[in-house]
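Here the structure comes first, spelled out in structure tokens, and everything after it is commentary.
This is the structure in structure tokens:
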């Protein structure tokens with residue numbers, strides 16, 4: 150049920166972002182979720198992540214739940230930033246946005262660390278999702294990436310010795326091109 | 113906005129795949 154909520158929430162945020170991207174000069178804002186719901190959204194993500202198994206091999210359902218959580222995290226981060234861009238006339242808006250996003254990530258990041266720490270294969274799976282998320286934020290030139298990177302890079306290096314050359318190259322690419 | 117739309121399209125594709133998996 151929580152995964153269904155999470156999926157629905159992701160589609161709502163995606164719809165809102167599509168509206169913002171396609172109608173940037175629209176006078177009618179399409180911001181269905183206030184930024185102060187950040188912690189509630191993080192809570193929902195955590196409930197889904199709690200079902201992730203520590204010792205046994207994850208089922209396809211659990212693996213897709215993990216992917217779904219990462220997609221929600223990416224969408225929420227981009228959404229917060231776009232809402233801030235829309236409200237650039239309000240001086241404190243950027244600060245509020247940074248706060249909302251950092252609070253969100255400070256809540257979910259420890260669980261990603263925990264899952265990545267279970268084993269090398271768990272770590273690799275988390276790394277693939279996380280790198281894709283970071284690359285996505287870089288692609289949209291997210292200024293929040295600079296704030297988030299120091300926190301999230303620790304997850305990438307949990308199993309530092311076993312990072313594949315491909316992953317190391319992708320991490321380096323992100324470090325080389327700050328937004 | 114082009115970059116944002118491209119990124120959203122990719123996420124939409126991934127979400128679509130996950131919907132198929134879950135159904």
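Protein chains in written order, with the numbering used here: chain A, 150 to 328; chain B, 113 to 135.
Where is the CB? At the ideal position from N, CA and C, for every residue including glycine.
The beta carbon of residue 319(A) sits closer than 6 angstroms to the beta carbons of 280 from its chain, once the five residues preceding and following it are set aside; these are given in chain order. A Cβ of chain B is located within less than 9 angstroms of the beta carbon of residue 210(A).
Contact between residue 197(A) and residue 218(A) holds: their C-beta atoms lie close to 6 angstroms from each other, under 8 angstroms.
For the pair residue 215(A) and residue 162(A), the CB atoms are not nearer than the 9 angstroms cut-off. Residue 156(A) and residue 253(A) have their C-alpha atoms spaced approximately 18 angstroms apart. Chain-order list of chain B residues neighbouring residue 160(A): 127, by C-beta distance under 8 angstroms. Under the three-state reduction of DSSP output, residue 180(A) falls in the coil class, being neither helix nor strand. With a contact defined as Cβ atoms closer than 8 angstroms, residue 271(A) and residue 264(A) qualify at about 6 angstroms. For residue 269(A), the closest C-alpha among the options 160(A), 224(A), 313(A), 173(A) is that of 313(A).
From the listed residues 248(A), 306(A), 151(A), the smallest Cα separation to residue 192(A) is found for 151(A).
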